Structures are given as C-alpha cells and as structure tokens.
Amino acid sequence: EAGVAQSPRYKIIEKRQSVAFWCNPISGHATLYWYQQILGQGPKLLIQFQNNGVVDDSQLPKDRFSAERLKGVDSTLKIQPAKLEDSAVYLCASSPSGRGSYNEQFFGPGTRLTVL
Amino acid sequence: GNSVTQMEGPVTLSEEAFLTINCTYTATGYPSLFWYVQYPGEGLQLLLKATKADDKGSNKGFEATYRKETTSFHLEKGSVQVSDSAVYFCALSEGRGATNKLIFGTGTLLAVQP
C-alpha cells in the first residue's frame, strides 16, 4: 500500500513570497492533517480535514495560511506571504477516520521550507 | 491546555545499553498516549501506543506503560542497537469528540554508538 505522498520535499523562498505544498493521503483515508514542525520542536497541528470539511483549524494563522481538500482526497497548503518564522517542516498525515476514537495517523516525509 | 514534556537530548548510548526516555503529560479527560519515531530522512512512524491506564504498549523491543497516577509514559528498551538511532516523540491524543489531534513533545534524539 502506498504511503502518504508529499511534494516538494524541499523549498527555499524569499520572505513575502508565496509557496504551496501538496499532499496525497493513503487511499480511502477520510481524515487528513497538516502539521508544522519547527526545528527543535514537536509537530503542531495546523488543520484537520474530515473528508473535504474542516474539523479543526484553530492553530492555523489564517491571515497568511490557507488549505483546501477538494473532493476529499488530496490537499494543498499555501502560505502567502511567507515570513522568516515559517521556516519549518510541513508534515501531512492521514488516518482512516477522525471522529470519536483514535485511529493511527500515517505521516508523509514532509516538506522542508526555508524562508530567507 | 494539554501538553507533553519529554527529556531533552541528545541521549548517547553504547550498543546493548539500557534505554529510558522520560515522558510526562498534562491532560484533562483520558487521553491515549503514543511514541513516534523519526529515522533520519524519513517521516514519523508510530512505534507504540496505549489507550488506557496501566496499558503497556510494545513494539520492536521497546515498551512503555501508561501510568495515570504519575501521568507518565516512559519509553524503555533493554538493549539498544545502532539502528535505533533516531528522534523519539512522545505524544497524546485528545481523542474524544470531533477531533483526535496529536500533541507532541519536543522530541529526544537518541544516538547509539557501536
């Protein structure tokens, strides 16, 4: 079974530029997560989708970050404009179901973003 | 709010040494607890989990017991190998209700020397 796919793996941009990350979850997984992992810290949830609806985006900086999951499959996360403090690894994860009980989350390899 | 605290690294051990990585948590309700591992250049992988008090999670020689009285979930392995070198993350899931997001500790780098 194919794992969670993410692209690109690395991205370097100047501050105030825009960037987008793509994630393709494991086939059939209803729940998709985006986490931000700053160097030296644990991952922090940015947004959680259940199918194509948003379940939790309380930690998403909505003035500059946006995410969508069209058709309940793959997802894109966008930053516009980027700031220096956005330098981090952006992790995508998926799980079979997200409500009422815990299902294992499967993580992709991440996208390492460097903002100069 | 809910949080996870784990011991800072790096932890450097010789092969076949005993490993303990401490993890304590603060949570309301009854969270599930996890250890994730991140090998160099790879994504996070679930190592083991425990969903209720006194449960013991185990995998690949690693163990951790969910201790509600001490709010702890320490990771142990009796004999580490060079291939165990990785970053280990303790995490909890708030897993009741609409979401089951994971809250992670800061991670502990383990380096095992031959």
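Residue numbers (this note's numbering), protein chains in the order written: chain C, 30 to 145; chain X, 65 to 178.
Where a beta carbon is used, it is the ideal one built from N, C-alpha and C, also for glycine.
None of the values given here were measured: they were computed from a predicted structure.
- Ranked by how close their Cα comes to the Cα of Leu139/X, the residues Tyr94/X, Tyr100/X, Thr76/X, Ser67/X have Tyr100/X in first place.
- Judged by beta-carbon spacing, Ala111/C lies within the 8 angstroms limit of Val144/C, meaning their Cβ atoms are closer than that value.
- Across the stretch 74-87 of chain C, CB contacts with chain X closer than 7 angstroms involve Leu74, Gln77, Val84, Asp85, in sequence order along the chain.
- Spanning the alpha carbons of Phe82/X and Gln145/X requires a straight line of approximately 10 angstroms.
- Taking 4 residues as the minimum length, the stretch 51-130 of chain C contains no alpha helix (DSSP H) run wholly inside it.
- For Ser147/X, the three-state secondary structure derived from DSSP is helix.
- Judged by DSSP secondary structure, Gln177/X falls within the beta strand (DSSP E) whose first and last residues are 172-177.
- By the Cβ test, the stretch 35-43 of chain C is not in contact with the stretch 121-141 of chain X, since fewer than three Cβ pairs between them sit closer than 8 angstroms.
- At a cut-off of 8 angstroms between beta carbons, Leu173/X makes no contact with chain C.
- Taking 8 angstroms as the cut-off, the Cβ atoms of Gln88/C and Leu75/C count as close.
- When C-alpha distances from Tyr62/C are compared across Thr140/C, Leu142/C, Phe136/C, Arg141/C, the shortest belongs to Phe136/C.
- Distance from the Cα of Ser124/C is smallest, within the candidate group Val48/C, Gly57/C, Lys40/C, Ala31/C, for Gly57/C.
- When Cβ-Cβ separations below 8 angstroms define contact, Gly57/C makes no contact with chain X.
- Gly125/X places its beta carbon 8 angstroms or farther from that of Tyr152/X.
- For the C-beta of Gly121/X, not a single chain C residue is nearer than 7 angstroms; the gap to the nearest is close to 12 angstroms.
- Between Lys91/C and Ser78/X, the alpha-carbon positions lie close to 46 angstroms from each other.
- Taking the beta carbon of Gly101/C as reference, no residue of chain X falls within 8 angstroms; the closest one sits roughly 17 angstroms away.
- In the displayed model, Phe135/C falls within a strand according to three-state DSSP.
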